[in-house]
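In our numbering, the protein residues as written are 58 to 189. The beta carbon of each residue, even a glycine, is placed where N, CA and C say it ideally should be. What follows is a short report on a single structure.
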Amino acid sequence: MIYKWAEPDDGGGSGAANPLDRIEALVRCTHDARIVHWICERAGGFFIKNPKATWPHPIHLMPATNQIVQEFADLLAVIATAATDNQITKQESKNIRARWEELKCVTEGFVRCCEEGNFTAIRKEPPAPTKP
Numbered sequence: 058m059i060y061k062w063a064e065p066d067d068g069g070g071s072g073a074a075n076p077l078d079r080i081e082a083l084v085r086c087t088h089d090a091r092i093v094h095w096i097c098e099r100a101g102g103f104f105i106k107n108p109k110a111t112w113p114h115p116i117h118l119m120p121a122t123n124q125i126v127q128e129f130a131d132l133l134a135v136i137a138t139a140a141t142d143n144q145i146t147k148q149e150s151k152n153i154r155a156r157w158e159e160l161k162c163v164t165e166g167f168v169r170c171c172e173e174g175n176f177t178a179i180r181k182e183p184p185a186p187t188k189p
């Protein structure tokens, strides 16, 4: 059945839509990603939305790097605060999860900028010396 769903719709099918396409349509019309989160959790994982690349120029590389370091520090602070009494409550767990998701999102945005070539100028050869 999965192979059947993967085939392009030529209009002569049984009328049964691919369930994954139906999930996509639900998310698109409701603007609610909880469906996707639920599916990811059922599969033993977590959903992280791919952020848009937000640092278009090499000059923004250091601030982008600093933001990742700051997000990591914020996560560690939340963990340290939660662990001071040698136990982690459900609310503290939620706070840790939220900071972790934010760190993953910021880091993914940085990696995507790198992959899209936004920081290529820092890898360019230095200009050749000019002749006097």
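Taking residue i and residue j to be in contact with their CB atoms under 8 Å, please state how far apart those CB atoms are, rounded to whole angstroms.
i: L83; j: E128; result: Wrong, their Cβ atoms sit about 31 Å apart, outside the cutoff.
Less than 7 Å between C-beta atoms, sequence neighbours within five positions excluded: which residues of the same chain meet that for residue i?
i: K61; result: none
i: V163; result: Q124, I125 and E128
Taking the alpha carbon of residue i as the point to measure from, which residue in the options has its own alpha carbon closest?
i: A134; options: D78, L118, A155 and E64; result: A155
i: D131; options: R79, E158 and H88; result: E158
i: C97; options: L77, E172 and T87; result: L77
How would you write the range of the alpha helix (DSSP H) that residue i sits in, first residue to last?
i: D78; result: P76 to T87
i: A130; result: L118 to A140
i: N143; result: Careful: N143 lies outside any alpha helix (DSSP H) and carries neither H nor E.
i: E98; result: R91 to R99
For residue i, collect the residues of the same chain with a Cβ closer than 8 Å to its Cβ; drop the 5 residues on either side in sequence, then sort them by chain order.
i: I153; result: L132, V135, I136, A139 and I145
i: A90; result: V84, F104 and K106
Is there at least one Cβ from chain B nearer than 9 Å to residue i's Cβ?
i: Q124; result: The structure shown contains no chain B; it is built from a single protein chain.
In chain order, what residues of the same chain have a beta carbon less than 6 Å from the beta carbon of residue i, not counting five sequence neighbours either side?
i: E149; result: A139
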